[in-house]
Ligand SMILES: [Zn+2]
């Protein structure tokens, strides 16, 4: 039976959701993960049986990493899952409780005497409208060295936007450092950490010589939320939504994985041509409006002063991903240099809280992914360093408690200060 037909005959309301599993809708109108248990499943010897083993179970696939996959199982399927006898670690006894513990969305913070929003912005997660206000206020407090930028509309017509910052040589005079946050909707920590970097640049440029050197050497182009439709949906309807909200002809499935829709390596391993899939690539490179806008913007930066560093921000594997994702046996010419830089960056990230980040070619250190942004930046936009960084954290997964926003920002800031000074 198709998903649409199934939904028609059920008396409760369900969302066809993550990984095609049906999720019950709670009293608040949002997808309810009450009683879902989260497991890390060791798949090393049993990868081939995985999809057939999970058939008939509402398995919500969260993330996979080498020989393991993290999944959430609804209460009614815990028993049949147990009988499969996988080697597992329990990451959470109740995903619904984790989501509740993440806390309510925060209210907008006060501005200080310079117009900079209070650091309490990083004490909670916020609604998308508040993020737009935050970028606007931050930019307004730094008027001589920044401007708001818009790169194009999402599928539902929201502008993908952010901030361009520059140093003493003036606007558009240096190579680009280009950051994309929240390409995957549920990875809320990514926009917060990218905003923490922005915040530190804005307040640090006055008297911190490391920040001054970074901003005097590079033009920063920072888009904290490049998947606004998915981000809004993850706040209003389903916390674990990943893709954009694009509909297509001849399918009820919603959403394209923006990070599989880029033209380099398009359609290869680690992406899917099935619209139901969490890694649906779309049918053509750039047929998701968000990717099309980002590719066009990258080309503008490439043909202007060039792209020195691109970072696509994700969660939650704690790893620095270098090109390539589409192939495990092809490497950029400067790969050795990238590995040593990533290793030093990871060492700096570990300093404040001992958070360990692995590093290496994305395909080798995480998994194969084709049509991703960092490979595009490396091969099609001339970026010297086309990276992805997966933030905290296990064991919390995507639902990172709000009191970890600030520590996550602080450790990444340490890594970035080193990286920008040593590119
Ligand atoms: Zn991601």
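Residue numbers (our numbering): 20 to 442. Using N, Cα and C, we set each Cβ at its ideal position, and we do this for glycine too.
{"Query": "Measuring CB to CB, does residue 345 end up less than 8 Å from residue 283?", "Result": "yes"}
{"Query": "Can you tell me which residues fall inside 6 Å of ligand 1, judged by beta-carbon distance to its nearest heavy atom, and keep chain order?", "Result": "203, 206, 333"}
{"Query": "CA-CA distance, residue 63 and residue 379?", "Result": "21 Å"}
{"Query": "Can you give me the start and stop residues for the alpha helix (DSSP H) that residue 400 sits inside?", "Result": "First-last for residue 400: undefined, no H or E at that position."}
{"Query": "Going by DSSP, name the residue or residues bridged to residue 406.", "Result": "330"}
{"Query": "Does residue 122 pass the burial test, meaning 16 or more other C-beta atoms within 10 Å, or should it be called exposed?", "Result": "exposed"}
{"Query": "Residues bridged to residue 196 by DSSP?", "Result": "239, 328"}
{"Query": "May I ask you to report which of helix, strand or coil DSSP gives residue 371?", "Result": "helix"}
{"Query": "Can you give me the Cβ contacts of residue 429 inside the same chain, cut-off strictly under 6 Å, excluding the 5 residues immediately before and after it?", "Result": "371"}
{"Query": "What's the C-alpha gap between residue 261 and residue 160?", "Result": "33 Å"}
{"Query": "Between the segment 233-245 and the segment 194-202, do at least 3 Cβ pairs fall closer than 8 Å?", "Result": "yes"}
{"Query": "Within 10 angstroms of the Cβ of residue 431, are there 16 or more other Cβ atoms? Answer buried if so, exposed if not.", "Result": "buried"}
{"Query": "Pick helix, strand or coil for residue 279, following the three-state DSSP scheme.", "Result": "helix"}
{"Query": "Out of 436, 433, 435, 408, point me to the one whose CA is closest to residue 208's CA.", "Result": "408"}
{"Query": "Among the candidates 339, 390, 349, 170, whose CA atom is the shortest distance from the CA of residue 411?", "Result": "339"}
{"Query": "DSSP puts residue 58 in a beta bridge; with which residues?", "Result": "90, 109"}
{"Query": "Return the chain-ordered list of same chain residues with a C-beta closer than 7 Å to the C-beta of residue 291, the five sequence neighbours on each side being excluded.", "Result": "298, 299, 300"}
{"Query": "For residue 205, which three-state DSSP category applies?", "Result": "coil"}
{"Query": "Using the C-alpha atoms, what's the distance from residue 211 back to residue 289?", "Result": "27 Å"}
{"Query": "Which residue comes first and which comes last in the alpha helix (DSSP H) that contains residue 450?", "Result": "Residue 450 is absent from the structure shown; the chain starts at 20 and stops at 442."}
{"Query": "Hey, quick one: how far does the alpha helix (DSSP H) through residue 338 stretch, first residue to last?", "Result": "Taken as a continuous stretch (DSSP letters only), residue 338 belongs to no alpha helix (DSSP H), being part of the beta strand (DSSP E) at 338-341."}
{"Query": "So which of 294, 287, 238, 234 has the shortest CA-CA distance to residue 263?", "Result": "294"}
{"Query": "Look at the alpha carbon of residue 426 and the alpha carbon of residue 148, and state the distance between them as a whole number of angstroms.", "Result": "24 Å"}
{"Query": "Determine the direct distance from the alpha carbon of residue 104 to that of residue 56, and round the result to whole angstroms.", "Result": "16 Å"}
{"Query": "Whole angstroms are fine: how far does the CA of residue 45 sit from the CA of residue 18?", "Result": "Residue 18 is absent from the model: the chain starts at 20 and stops at 442."}
{"Query": "Which word fits residue 78, buried or exposed, when buried means at least 16 other C-beta atoms lie within 10 angstroms of its C-beta?", "Result": "buried"}
{"Query": "Figure out for me which residue from 176, 70, 59 has the closest Cα to the Cα of residue 308.", "Result": "176"}
{"Query": "Give every residue of the same chain whose Cβ lies closer than 6 Å to the Cβ of residue 106, excluding the five residues on either side of it in the sequence, and list them in chain order.", "Result": "61"}
{"Query": "Considering only the beta carbon of each residue, do residue 343 and residue 394 sit closer than 8 Å?", "Result": "yes"}
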